[in-house]
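Sequential numbering of the sequence shown, starting at 1, is according to the UniProt record's numbering. Working notes for the structure below.
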Amino acid sequence: MDMSPPRSIKEVQKLAGRLAALNRFISRSADKGLPFFKILRGIAKFEWNETSQEAFDTLKRYLVSPPLLTKPMTGETLYLYMAISESAVSSVLVRQERREHHPVYYVSKVLQGAEPRYFQIEKLAFSLVTAARKLRPYFQSHQVIILTNHPLKQVLASPELSGRMVKWAVELSEFGIEFHPRPAIKAQVLADFIIESAYDEASISTPTWSLYVDGSSTSMGSGAGIVIESPQGDKLEYAIKLEYPSSNNEAEYEAFLAGGELALAAGAKKVIICSDSQLVVNQVQGSYEARDEKMAKYFAKAKNLLEKFEEASVVQISRVNNSAADQLARLASSMAAIRNRRITFISSERAAIEEQEEIMCADPAPFSWKEEIIRFLTDGVEPENQKDAKALKRKASRFVMIYGELYKRDFSQPFLKCLTPEEGNYILREIHEGICGNHLGGKALAGKSLRQGFFWPTMLQDAHGLVRCCRACQEHANINHQPAALMQPLESPCPFDQWDLDLVGLFPQATGQRKFFIIAVDYFTKWVEAEALAKISEKEVIKFL
Numbered sequence: 001m002d003m004s005p006p007r008s009i010k011e012v013q014k015l016a017g018r019l020a021a022l023n024r025f026i027s028r029s030a031d032k033g034l035p036f037f038k039i040l041r042g043i044a045k046f047e048w049n050e051t052s053q054e055a056f057d058t059l060k061r062y063l064v065s066p067p068l069l070t071k072p073m074t075g076e077t078l079y080l081y082m083a084i085s086e087s088a089v090s091s092v093l094v095r096q097e098r099r100e101h102h103p104v105y106y107v108s109k110v111l112q113g114a115e116p117r118y119f120q121i122e123k124l125a126f127s128l129v130t131a132a133r134k135l136r137p138y139f140q141s142h143q144v145i146i147l148t149n150h151p152l153k154q155v156l157a158s159p160e161l162s163g164r165m166v167k168w169a170v171e172l173s174e175f176g177i178e179f180h181p182r183p184a185i186k187a188q189v190l191a192d193f194i195i196e197s198a199y200d201e202a203s204i205s206t207p208t209w210s211l212y213v214d215g216s217s218t219s220m221g222s223g224a225g226i227v228i229e230s231p232q233g234d235k236l237e238y239a240i241k242l243e244y245p246s247s248n249n250e251a252e253y254e255a256f257l258a259g260g261e262l263a264l265a266a267g268a269k270k271v272i273i274c275s276d277s278q279l280v281v282n283q284v285q286g287s288y289e290a291r292d293e294k295m296a297k298y299f300a301k302a303k304n305l306l307e308k309f310e311e312a313s314v315v316q317i318s319r320v321n322n323s324a325a326d327q328l329a330r331l332a333s334s335m336a337a338i339r340n341r342r343i344t345f346i347s348s349e350r351a352a353i354e355e356q357e358e359i360m361c362a363d364p365a366p367f368s369w370k371e372e373i374i375r376f377l378t379d380g381v382e383p384e385n386q387k388d389a390k391a392l393k394r395k396a397s398r399f400v401m402i403y404g405e406l407y408k409r410d411f412s413q414p415f416l417k418c419l420t421p422e423e424g425n426y427i428l429r430e431i432h433e434g435i436c437g438n439h440l441g442g443k444a445l446a447g448k449s450l451r452q453g454f455f456w457p458t459m460l461q462d463a464h465g466l467v468r469c470c471r472a473c474q475e476h477a478n479i480n481h482q483p484a485a486l487m488q489p490l491e492s493p494c495p496f497d498q499w500d501l502d503l504v505g506l507f508p509q510a511t512g513q514r515k516f517f518i519i520a521v522d523y524f525t526k527w528v529e530a531e532a533l534a535k536i537s538e539k540e541v542i543k544f545l
């Protein structure tokens, strides 16, 4: 308690080093030491503020009565509690004794780079991976049970995982980890750990996005400008060319509707929509009445759009504050002001209030190879023919139904998702000539589709057919010197039609006084026959032939 606060960068470095040495004894050490780490980021300027002093005092109070760590027994089952925050992930490994949990080791890590933007379930998985890496000897020699109320087990076992979650699931598969619901906390040390890790509802409230929209209608044409700003400050800018005649108010509504749809696609749930159109803002807010038929349709469309957000508010701003969207709306006359921006151009072929006609297709869907297997796995339907039923059972043993989808068991996880030939053809085209395609050959193309987690019976034939029909492959591929057809064998002369005979010797005498050889070679097949002779005579030659 007598420790004085640091007065220089060097003293802060000493404090951080001591904190790292006591890491295993301190609950959520990363969160407790984060204010000190932030000071070290700006080494050029030392600044000790109220937040740093408060964290320093909290750390001193904690170190006065640190929790006592215990030593696990050989073969004892251990339990792991996890906690996450906006800036760090933490966990505590505990052992059970007389129905109480006692801490064995504390693990904590500060989130860096893109890690603070992980989803909550990803942070939990990352906390588990961090603990497994740090406490590898404990995970290898003990049965570890993860106590959590989150569906972490189902997420890690999902066959549709991708990216870092797949990597973490494979890394954790070597340990015999079990997942149990979190019970009531009885030990005071663990109660403090859980209370410290409880999420602050205000800190995890849905972030607010900002949407700026503006429309423009001139004699040259109509357009809409949209600027979407994320809570992190990232900006998405769009300029939409309206390919149909529209008034200025209609263009303003088109910008409003298109901007809302793009914000939803970007993941916005809480949004503030800013527009300089007095008519659009007041109609949406209910201050103005939409009397015109077109305006009434636009108003209804806008109301339906706002209901898709958890929270949405519409604000009228001046044209000066909406200059970015205004410049995008008048892209042709304001190119110099927006030259250095990254803009996505979209062409809208019809008005947003025009509903697309639905046409019912009368042609029956073609029979899929999956239907017979799906009916057998879900309803137990078998063919009437006993031989076909036996073959179906044998085939279906290599498939499994997961959440209503058919998957094929493979020699290694994850399972292969079964597709129809039409879906498979789309996958092949994307891999072969898509944005990352490199025009693979037929066999390599089918193999890559398989490694990506897809399967259908004719994938190899479909891959070869796609490559043969690819114009770019035919024009730029290496010249194939293989004959276009199978080589035909010669029909004449016939095998063994003509022989060549020869007598050779003398050789060192062998058994039976053999010291000569008679040799016959076929002219066509090059077949060789040879026999040792004791003497050269007509009788021996006739006997050989």
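Here a beta-carbon is modelled for each residue, glycine too, at the ideal position from N, C-alpha and C. Since the model is a prediction, treat every value here as computed from it, not as a measurement.
Relative to the C-alpha of residue i, which candidate in the options has its C-alpha closest?
i           : options                   : result
I145        : E422, H180, W499 and D234 : H180
Y253        : Y288, V213, S219 and K134 : V213
R95         : I518, Q316 and H142       : H142
L80         : E115, G225, R471 and F139 : F139
C236        : L257, A325 and L279       : With the sequence shown as reference, residue 236 is identified as Leu, and Cys is not the correct amino acid for it. The candidate whose alpha carbon is nearest that of L236 is A325.
A83         : K109, E97 and T74         : K109
Q498        : F524, N425 and H439       : F524
residue 620 : K269, G286 and N321       : The first residue shown for the chain is 1 and the last is 545, placing residue 620 beyond what the model contains.
E423        : E115, V12, S449 and V281  : S449
Q53         : F175, I373 and L15        : L15
M73         : H102, D276, A88 and N49   : H102
N425        : I435, A131 and L445       : L445
E371        : Q386, K387, F399 and N385 : F399
A131        : Y118, V89 and G163        : V89
I522        : D500, G437 and Q513       : First, the amino acid is wrong: residue 522 is Asp here, not Ile. Among D500, G437 and Q513, the Cα nearest to that of D522 is on D500.
I374        : E405, N480 and S287       : E405
R451        : L428, R471, A114 and I435 : L428
With the cut-off set at 7 Å, would you say residue i and residue j are in Cβ contact?
i    : j    : result
S216 : A351 : no
G453 : K417 : yes
V107 : S91  : yes
F516 : E531 : no
W456 : P414 : no
I518 : L533 : yes
I353 : K308 : no
A224 : A266 : no
T148 : R182 : yes
L124 : L78  : no
A389 : E382 : yes
V320 : I273 : no
L419 : A396 : no
E243 : E349 : yes
Q327 : V281 : no
L128 : L93  : no
G260 : L305 : yes
H439 : C473 : yes
A312 : F299 : no
Closer than 6 Å by C-beta to residue i: which residues in its own chain qualify, once you throw out the five before and the five after it? Chain order, please.
i    : result
G442 : A463, H464 and V467
F55  : According to the sequence displayed, residue 55 carries Ala and not Phe. Closer than 6 Å at Cβ, skipping near neighbours: P35.
A198 : Because A198 carries a pLDDT of 45, less than 50, the predicted location of this residue cannot be relied on, and the following value inherits that uncertainty. Within the same chain, A198 has no close Cβ partners at all.
L279 : N249
W527 : none
S323 : none
E529 : A520
S333 : For S333, the pLDDT reaches just 41, beneath the cut-off of 50, and the residue's location in the model is therefore unreliable, leaving the point undetermined.
V284 : A302 and V314
Spatial neighbours of residue i within its chain, please: C-beta separation below 7 Å, excluding the five flanking residues on both sides.
i    : result
A263 : W209, L211, I228 and V271
H150 : I121 and L124
D410 : L416
Any beta-carbon of chain D closer than 7 Å to the one on residue i?
i    : result
L419 : Absent from the structure is chain D; it holds one protein chain and no more.
By Cβ distance below 8 Å, which residues in the same chain neighbour residue i in space, the five residues on each side in sequence not counted?
i           : result
residue 547 : The question about residue 547 has no answer, for the chain in this structure spans 1 to 545.
L161        : V155, A169 and P414
E201        : Here E201 scores only 38 on pLDDT, less than 50, and its place in the model should not be relied on; the value that follows carries that caveat. So no residue of the chain qualifies.
E97         : T70
G176        : Q143 and V144
L172        : L128, V129, A132 and L156
When every heavy atom of the ligand COA is checked, does at least one fall within less than 6 Å of the C-beta of residue i?
i    : result
K535 : The ligand COA is absent from the structure shown, which contains no ligands of any kind.
Whole beta strand (DSSP E) runs in the stretch 416–457 with 3 or more residues, listed along the chain? Counting whole runs of 3 or more residues, the stretch 416–457 contains the beta strand (DSSP E) stretches 416–418.
Inter-stretch contact at 8 Å, needing at least 3 Cβ pairs: the stretch 473–485 / the stretch 504–514: Taking a cut-off of 8 Å for Cβ pairs, the stretch 473–485 and the stretch 504–514 do not touch, as fewer than three such pairs fall below it.
Decide yes or no for the touch test of the stretch 229–243 against the stretch 285–302: beta carbon pairs closer than 8 Å, at least 3 of them. No, because fewer than three Cβ pairs between the stretch 229–243 and the stretch 285–302 fall closer than 8 Å, the two stretches do not touch.
Taking the runs of the beta strand (DSSP E) that are 3 residues or longer, which of them lie wholly in the stretch 86–159? Counting only runs of 3 or more, we get 88–97, 100–110 and 144–147.
At 3 residues or longer, and completely inside the UniProt domain "Integrase catalytic" (491–545): list those beta strand (DSSP E) runs for me, N to C. Entirely contained in the UniProt domain "Integrase catalytic" (491–545), the beta strand (DSSP E) runs reaching 3 residues are, in chain order, 499–505, 516–522 and 528–533.
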